[in-house]
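Mapping the sequence shown onto UniProt numbering, position 65 (from 1) lands on 65, and the numbers just tick up by one. For each residue, glycine too, the CB sits at the ideal point set by N, CA and C.
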Amino acid sequence: MMIKQIFYRIFHIVLYTILLYGCSFNENTIVRNYKNTHISKDSVDHYIKDNMKELKVPGLSFSIINNGEVVYHNSYGYANLEKKLPVNSETIFEAASLSKSIFAFFVMKYVEEGKLDLDKPLYKYLPYSDIAYDERYKKITARMVLSHRSGFPNWRENEKDKKLKIKFEPGTRFEYSGEGYQYLAMVLKKIEGGDWKLLEKSFQNKVAKPLGMNSTVFIQNKTTRKLKAEPYDKDGHWIDWENNYWYKKDDGIFVAPSSLHTNSLDFSKWMIAIMKNEHLSESSYKELLGYESKAFTSDSGTAYYYTLGFMTGDKEFKNVYFHSGSNDGFTCWYVFDKANKWGYVLFTNSEKGVELGEKMFGYLGGMTVWK
């Protein structure tokens, strides 16, 4: 009986320690920031925990990449606040708009196979009845979609009449659009036989499996549902996802701009592949990462651009690629320097994760984004 009690106490001490300090990865490896100077793991831990508390972020999955390797991974807080279930290395998060970057990578596989031309009008692959009333849609290409120059709004639901429309001449300027990405996903679905599940299978075969991303999907399955964190709003209150409009609308659909489910360890594998120029040809990477659309110029004079699925900039942001993501109850952020093979990625079950990601950019990168 005494042995059982001792074991029971040790078990709970270990569980508490894991929850409090996170699940560390590769403890003996030195962590370096973007300026290539050492940062102690304790410093990283304290910075994250202090900011999670300040921002009311329930749970976090976080990884740092140095020299093309994950040198640090921690899981913080709770996947389920009500049940006190901690985040661990297997916990699944919604990647929100980080989906766009990996979808663009996926699209380049079709380009390499000769199944898709970036500059061929999409209607020639698949006419789109929702916008057929406006002939300008016949000018829209995959390149325009991936660089947010399609002319579509972000989502038709945000328009007063809830109808899909073209807001400006396709190809002439930047305006962020999930609708464009989803039209391209519909084109790929047709190429794969007209079924969303077949498109998911294609993603697994072309991207997830080759990169060893065993916990990453666009369409949820039983395993990801079981491992998925619960969503919380900006004040830390649980979101009733079963009755949420977007959850119900997108369930069972390959939503290219927003339905990726993953965690920081899995997502890091994809980032590392890009850093090492793996899984795509050199010409594909030039297409993927080259400037396409000027998004805006900050007050300090830094110009920000959108490539095919990635944000980047000039000056100190040259060779630096990043993206944020915001779904109801899930926000996230990644950044990497391709040339120096450095980066980090974080996923949260909170609506304050983008703010946390931007703070981490200043802390680890020594730079302030958007200023």
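Looking at the secondary structure, which residues open and close the beta strand (DSSP E) in which residue i lies?
i	result
Ala273	Element bounds for Ala273: not the beta strand (DSSP E) but the alpha helix (DSSP H), Ser264 to Met275.
Phe218	Counting along the chain, Phe218 falls outside any beta strand (DSSP E), and DSSP gives it neither H nor E.
residue 372	Because the chain in this structure spans residues 1 to 371, residue 372 falls outside the shown range and cannot be described.
Tyr47	Run containing Tyr47: none in the beta strand (DSSP E); it sits in the alpha helix (DSSP H), Lys41 to Leu55.
Lys197	From DSSP, Lys197 is part of no beta strand (DSSP E) but of the alpha helix (DSSP H) over Trp196 to Phe203.
Looking only at DSSP bridge pairs, what is residue i linked to?
i	result
Phe336	Tyr321 and Gly343
Ala229	In DSSP, Ala229 forms no bridge with anything.
Phe93	Thr262
Met367	DSSP output for Met367 lists no bridge partner at all.
Ser284	None; Ser284 has no bridge partner.
Arg32	His38
Val70	Ile65
Tell me which residue opens and which closes the alpha helix (DSSP H) that residue i is part of.
i	result
Ala185	Gly178 to Ile191
Ile102	Leu98 to Glu112
Glu358	Gly353 to Met360
Is residue i near residue j, with beta carbons less than 8 Å apart?
i	j	result
Ser129	Asn154	no
Val44	Ser61	no
Lys139	Pro121	yes
Leu308	Ser147	yes
Ile92	Asn263	yes
Quick one: residues in its chain with C-beta nearer than 6 Å to the C-beta of residue i, no 5 flanking neighbours on either side, listed in chain order?
i	result
Gly301	none
Gly180	Val145, Ser150 and Phe152
Thr368	Gly362
Leu81	Pro58
Lys35	Gly366
Asn214	none
Met360	none
Below 7 Å CB to CB, which residues in the same chain sit around residue i once its five sequence neighbours on both sides are set aside?
i	result
Lys294	Phe174, Ala303 and Tyr305
Val354	Ser324, Ser326, Thr331 and Trp333
Asp233	Ile239, Gly329 and Glu351
Would you decide whether residue i is buried or exposed? Buried here means 16 or more other CB atoms lie within 10 Å of its CB.
i	result
His323	buried
Pro127	exposed
Asn327	buried
His38	exposed
Phe296	exposed
Tyr110	buried
Asp161	exposed
Asp266	buried
Thr172	exposed
Gly212	exposed
Asn205	exposed
At a Cβ threshold of 8 Å, is residue i touching chain D?
i	result
Glu94	Absent here is chain D; the protein component of the structure consists of one chain.
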